[in-house]
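Asker: Below is the structure I would like to discuss, written out as structure tokens.
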Amino acid sequence: MGASEPSVTATEAIEGPEFNASRRFWAAFGSLLVVILASALDATSLSTALPIISRELGGTAIQAFWAGTSFLLTSTVFQLTFGSLSQIFGRKSLIISFPDPIYCAGGGGILSLTEVVITDLVPLRQRGTYFGYGGAVWALGSVTGPIMGGGLAQAASWRWIFWINLPICGIGFVMIVAFLNLKPVPGSLFAKIAKVDWVGALLLTASSTSLLLALSWGNVMYPWSSWRTIVPLILGVVGIFILVFYEAKVPHEPIVRLSIFKEKTALVTYLGTCIHGVVLWCLLYYLPLYYECVKGYSPIIAGVSVFLRHLPSLQPQLWLGFWYPNGAGFDGQSGLDGLCLTLGMGLMYLLGPDTSIPEWVFLNLIPGLGLGMLYNSQGYASQAAADEKDSAHAATMYTFSRSFGQSIGVAIGGAIFQSQFEVNLRSYPQLAAEATKLSQEASSLVEIVKSMQPSSPRRIMIVAAYADSLKVVWATMTGLAFLALLTSFFTRRLNVNRLLGSEQQLQEKKEDDDLGSA
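15 is the number of the first residue of the sequence shown in this note's numbering; add one for each residue after it.
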């Protein structure tokens, strides 16, 4: 994996000068917050608009769910590669050289790089605070995105969803050019190109894409027994094994630095983060269907309702960020997170056609709190479990793990919902003959159901089948949340008193070659 060098390990404590955030630091950090907001809006604004998009384009439920899955898949597969390239070419150089694919084609690259840059700017002891700020901005974008997407789809055109974010992207790009002045990475361009782990990047992209495709369309587009599912699944798993062997033996700057997995806390944290991503994105994409079809709300009101689910996640992002620098969070705090999420997801099972507004508002509070707390506890734990020289790689693996879970979360939720919806429709003799067709149109069916009379027997049966199908999705997510809770029992307290070890720290005095600095 390349030459080793002396480093501060995850359990060593080194005292150093107290970190003080300067005005130059806040300007640089503010540029990161702007692009985090843009990435969050980009990722979440589509969910409430899917029924309208599906109706206008004549798409099936599978195709509607794939609108979200394809976005996340593209976002996920390049995250580790972006992180590795930023080690070689510099963070800033990578961002200003590839603004379009990072900002607007997926958001995954910018999300991972903002986490990485925080490890360049802030020592580990204070890092949780600034992860908290970033998480709060992400949560703000997450609660605003569904409202914005639903509003545009209802009042203007859903196509505006893909354009409205460009001004924020532009502001973030200008701020990064002006304020994110990190120490440059030495070496010529050709020397840096020679360091790139091209084979590792190819293996990672091909194997993760193959694996994600198989997990995404298994029992959705094709049965699990189909060769179209089995072949990419096998190729993906074999590719991952080949990647691990290659990364351990060959490259000097590996795409995946295997040393970040040596601590047991890191392993279970990445697993818990992946599960968190599954639950988070399953809620984001399927809770709006409850509000729009079962409750009959418009896309805008559905967005506001989803806002109320995300709102409780804002506060934990901030106060947990201040809690962790005092050393807490590794011997029970993440267990509280998982317990809160498990309980909250279990309560979601109570959502039905007759649930009143005060009831569904209350039922959304607890899972929102659990999801919000997990954002910080998992990110900070993954940092504390890594050597300081591996902080950037740990940050990238953390965002990759969550994005991987988000990718399969949309697909898993879609597979469960669609198959259960067909079963529930067949339980009504009046709908049995149409069950397959209606289940394939589950997303566009939302707008059709809204046009029916509230007292229509057909509408009542479809809504009941819809609500009961979503209950199975919530029950499955409850089981996964419990699995995330179990992972917390395998973590341990780690020391966070370490000096900042990044080679790309903030330049407090502006250099003449700002635009060329990393």
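Backbone N, C-alpha and C define an ideal beta-carbon position, used for all residues, glycine too.
So, at 8 Å on beta carbons, what are the nonlocal neighbours of leucine 361 in its own chain, with the 5 sequence-adjacent residues on each side left out?
Answerer: Leu377, Ile380, Pro381.
Asker: Using only the alpha-carbon positions, how far apart do threonine 287 and asparagine 233 sit?
Answerer: For threonine 287 and asparagine 233, the distance between alpha carbons rounds to 24 Å.
Asker: Does the distance from the C-beta atom of phenylalanine 145 to that of tyrosine 394 stay below 8 Å?
Answerer: Yes. Within cutoff.
Asker: For threonine 492, is the classification buried or exposed, using 16 other Cβ atoms within 10 angstroms of its Cβ as the cut-off for buried?
Answerer: Classification for threonine 492: buried.
Asker: From glutamate 26 to leucine 125, what distance separates their C-alpha atoms?
Answerer: Residue placement at glutamate 26 is poorly supported in this model, since its pLDDT is 46, which falls under 50; the coordinates still yield a value, given next. If I take the Cα positions, the gap works out to 29 Å.
Asker: Between Gly386, Leu484, Ile430, which has its C-alpha nearest tyrosine 363's C-alpha?
Answerer: Checking every option, the nearest Cα to that of tyrosine 363 belongs to Leu484.
Asker: Could you tell me the alpha carbon to alpha carbon distance between serine 536 and glycine 184, rounded to whole angstroms?
Answerer: For residue 536 there is no data in the structure shown, the boundaries of the chain being 15 and 532.
Asker: If you compare alpha carbons, which of Met359, Trp238, Lys278 is closest to leucine 294?
Answerer: Minimum Cα distance to leucine 294 is reached at Met359.
Asker: Quick one: measure Cβ to Cβ for cysteine 307 and glycine 427, integer angstroms, because I've assumed they're closer than 8 Å.
Answerer: Between glycine 427 and cysteine 307 the Cβ distance is about 15 Å, and since that is not below 8 Å, they are no contact.
Asker: Determine whether the beta carbon atoms of threonine 58 and serine 156 lie at a separation below 8 Å.
Answerer: Against a cut-off of 8 Å, the Cβ pair of serine 156 and threonine 58 comes out as a contact.
Asker: Report the CB separation of isoleucine 66 from phenylalanine 321 in whole angstroms; it is logged as a contact under 8 Å.
Answerer: With 8 Å as the limit, isoleucine 66 and phenylalanine 321 do not qualify as a contact, their Cβ atoms being about 18 Å apart.
Asker: Identify the residues that DSSP records as bridge partners of glycine 232: which are they?
Answerer: DSSP, once it has assigned bridges, lists Tyr236 as partnering glycine 232.
Asker: With H, G and I counted as helix, E and B as strand and the rest as coil, what does DSSP make of leucine 138?
Answerer: Note: leucine 138 maps to helix in three-state DSSP.
Asker: Can you name the start and end residues of the alpha helix (DSSP H) that asparagine 390 belongs to?
Answerer: Counting along the chain, the alpha helix (DSSP H) containing asparagine 390 begins and ends at 371 to 398.
Asker: Going by DSSP in three states, leucine 166 sits in which element: helix, strand or coil?
Answerer: Helix, per DSSP.
Asker: So, with DSSP's three-state summary, where would you put leucine 249?
Answerer: Three-state DSSP puts leucine 249 in a helix.
Asker: To the nearest angstrom, how far is the alpha carbon of serine 391 from that of proline 198?
Answerer: Looking at the two C-alpha atoms, the distance is approximately 31 Å.
Asker: Are leucine 508 and alanine 409 close, meaning C-beta to C-beta below 8 Å?
Answerer: Their beta carbons are not under 8 Å apart, which means leucine 508 does not touch alanine 409 by this criterion.
Asker: So the alpha helix (DSSP H) arginine 473 belongs to, where does it begin and stop?
Answerer: Per DSSP, arginine 473 belongs to the alpha helix (DSSP H) from 471 to 501.
Asker: Is there a Cβ from chain C that is less than 8 Å from the Cβ of glycine 423?
Answerer: This model lacks chain C altogether, as it is built from one protein chain only.
Asker: Can you give me the Cβ contacts of glycine 366 inside the same chain, cut-off strictly under 6 Å, excluding the 5 residues immediately before and after it?
Answerer: So the qualifying residues of the chain are Ala481.
Asker: With DSSP collapsed to three states, give me the class of leucine 196.
Answerer: The answer is strand: DSSP assigns leucine 196 an E or B state.
Asker: Taking histidine 407 as the reference, give the member of Val130, Ile109, Lys106 with the closest Cα.
Answerer: Of Val130, Ile109, Lys106, the residue nearest in Cα terms is Val130.
Asker: Can you tell me the Cα-Cα spacing of leucine 108 and serine 100, whole angstroms?
Answerer: Rounded to the nearest angstrom, the two C-alpha atoms are 6 Å apart.
Asker: Looking at isoleucine 289: is its Cβ nearer than 8 Å to the Cβ of glycine 149?
Answerer: Contact flag unset, no.
Asker: Just the Cα atoms here: how many angstroms apart are valine 424 and isoleucine 430?
Answerer: Roughly 10 Å between the two C-alpha positions.
Asker: Using the DSSP secondary-structure output, state which residues sit across from leucine 520 in a beta bridge.
Answerer: Paired residue(s): Leu196.
Asker: For tryptophan 8, which three-state DSSP category applies?
Answerer: What is shown of the chain runs 15 to 532, which leaves residue 8 out entirely.
Asker: Please classify alanine 170 as buried or exposed, where buried requires at least 16 neighbouring CB atoms within 10 angstroms.
Answerer: Classification of alanine 170: exposed, given that the 10 Å Cβ count is below 16.
Asker: Report the rounded CA-to-CA distance for isoleucine 50 versus isoleucine 132, giving the unit in angstroms.
Answerer: Taking the straight line joining both Cα atoms gives about 12 Å.
Asker: Considering only the alpha carbon of each residue, which of Glu373, Trp241, Leu194, Ala52 lies closest to glutamine 518?
Answerer: The candidate whose alpha carbon is nearest that of glutamine 518 is Leu194.
Asker: Terminal residues of the continuous alpha helix (DSSP H) containing glutamate 70?
Answerer: Note, glutamate 70: alpha helix (DSSP H), 64 to 71.
Asker: How would you call tryptophan 374, buried or exposed, if buried means at least 16 neighbouring beta carbons within 10 angstroms?
Answerer: Flag for tryptophan 374 reads buried.
Asker: In whole angstroms, what is the alpha-carbon distance linking glycine 317 and glutamine 454?
Answerer: Taking the straight line joining both Cα atoms gives about 24 Å.
Asker: Report the rounded CA-to-CA distance for tyrosine 305 versus glutamine 444, giving the unit in angstroms.
Answerer: C-alpha separation (whole angstroms): 25 Å.
Asker: What does the alpha-carbon distance come out to for the pair phenylalanine 103 and lysine 206?
Answerer: Distance between the alpha carbons of phenylalanine 103 and lysine 206: 7 Å.
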